[in-house]
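Under our numbering, the first residue of the sequence shown carries the number 75, and numbering increases by one thereafter.
Virtual Cβ for every residue (Gly too), placed ideally from N, Cα, C.
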Amino acid sequence: MSRLLLLAIFAFMFLLGCSVPRGLPTRELKVGGTSLTVEVADSLSSRVQGLSGRDKLGPNHGMLFLFSSPGQYEFWMKDMKFALDFLWLNQGVVTEVVANVPSPSQVKPNPARIRPQE
């Protein structure tokens with residue numbers, strides 16, 4: 075299966091608390107030596123919502139964004155309340171990491187936009 079896996083794992087090492095269940099299926103992933111529980115966002119509506127509006131994530135929790143075709147999909151931090159780490163995967167291999175992308179604030183109100191290099 076040559077489907078591009080785009081992974082956005084958010085704050086899995088430094089945030090405390092619980093994931094807010096949204097009815098999305100979950101999957102266990104291993105990145106390096108770390109096991110992660112990720113919610114699978116594989117529809118347009120689940121990808122648009124992402125983690126927007128949540129107060130926090132549990133340790134080693136995140137979201138996996140799946141797309142049916144390869145591409146440089148852009149993410150933005152609209153309505154995020156905490157910093158995120160982004161990891162991009164292509165056929166199960168981490169191709170890029172962008173760590174600790176800050177959420178919008180009163181100081182910098184415009185949401186960050188994140189896009190992979192390849």
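field: Host beta strand (DSSP E) of S109 (start-end)
entry: T108 to A115
- request: Just tell me which of Q191, P133, L158 and L125 has its CA closest to the CA of A173.
  value: L158
query: Got a sec? Which residues, its chain only, sit under 8 Å from L110 by beta carbon, not counting five neighbours each side?
result: I83, F86, E102, L103, K104, N134, H135 and G136
task: Could you tell me if R187 is buried or exposed, where buried requires 16 or more neighbouring beta carbons within 10 angstroms of its beta carbon?
output: exposed
Cβ-based burial, L138 [other Cβ within 10 Å; buried from 16]: buried
- request: List the endpoints of the continuous beta strand (DSSP E) containing L163.
  value: L158 to N164
7 Å CB neighbourhood of Q191 in its chain, flanking five on each side removed: E170
field: Three-state secondary structure assigned by DSSP to S126
entry: coil
field: Residue from G145, A115, F156 and P183 whose Cα sits closest to the Cα of T100
entry: A115
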